[in-house]
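Q: The structure's right below; bear with me while I get my questions together.
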Amino acid sequence: SGDLPVYASRKFSKQGSSVNWLFLNVYVPLDATMFSLLAFFIASAAYRAFRARTMDATLLLLAGVILMFANAPLLANQFWHSVFGGLNFLPDAFPTLVKDWILQVPGMAARRAIQIGLALGAISQSLRILLGIDRAWMGE
29 SGDLPVYASR
39 KFSKQGSSVN
49 WLFLNVYVPL
59 DATMFSLLAF
69 FIASAAYRAF
79 RARTMDATLL
89 LLAGVILMFA
99 NAPLLANQFW
109 HSVFGGLNFL
119 PDAFPTLVKD
129 WILQVPGMAA
139 RRAIQIGLAL
149 GAISQSLRIL
159 LGIDRAWMGE
């Protein structure tokens, strides 16, 4: 009875096990299908949400397109060379450099703003509970 988990782990950890077959032939294709459908859903939602009516929406849409192309290296290189092929003074890794800058500089500013907002909200809610102003946590 004590050897049953050891036997089961040896049986199902082999390369040709049924768990491995299920993972490779069921889970991986379903995962790829889900993420490919999710890409179309996100693109549709982004189109509806980010219609470039204002300058802010245009900048956000442009940053999203740059990040999307830079995260797909094959598309990034094809897009970069077809649109900006005449700009030979820029390096081939320029889309990746722009993506990294967007994620590190404005992205870090947004991340810090969210963290400051969360900290201030937690402090204010804690003070309300400690001072007895908010009693909803007790069920009242």
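In the working numbering, the protein residues as written are 29 to 168.
Ideal Cβ placement from N, Cα and C applies to all residues, glycine included.
Which of the three DSSP states, helix, strand or coil, is assigned to alanine 73?
A: Alanine 73: helix per DSSP, three-state reduction.
Q: So, is proline 57 buried or exposed, given that buried needs 16 or more other C-beta atoms within 10 angstroms?
A: With fewer than 16 other Cβ atoms inside 10 Å of its own Cβ, proline 57 counts as exposed.
Q: Could you tell me the distance, in whole angstroms, from the CA atom of arginine 136 to the CA atom of leucine 50?
A: Note on identity: in this sequence residue 136 is methionine, with arginine being the wrong assignment. If you take the alpha carbons of methionine 136 and leucine 50, they lie about 40 Å apart.
Q: Count the CB pairs spanning the stretch 125-145 and the stretch 157-165 that are closer than 8 Å, and state whether there are at least three.
A: no
Q: Measure the CB-CB distance between leucine 95 and lysine 127 and report whether it falls below 7 Å.
A: yes
Q: Is alanine 98 buried or exposed, if buried means 16 or more other CB atoms sit within 10 Å of its CB?
A: buried
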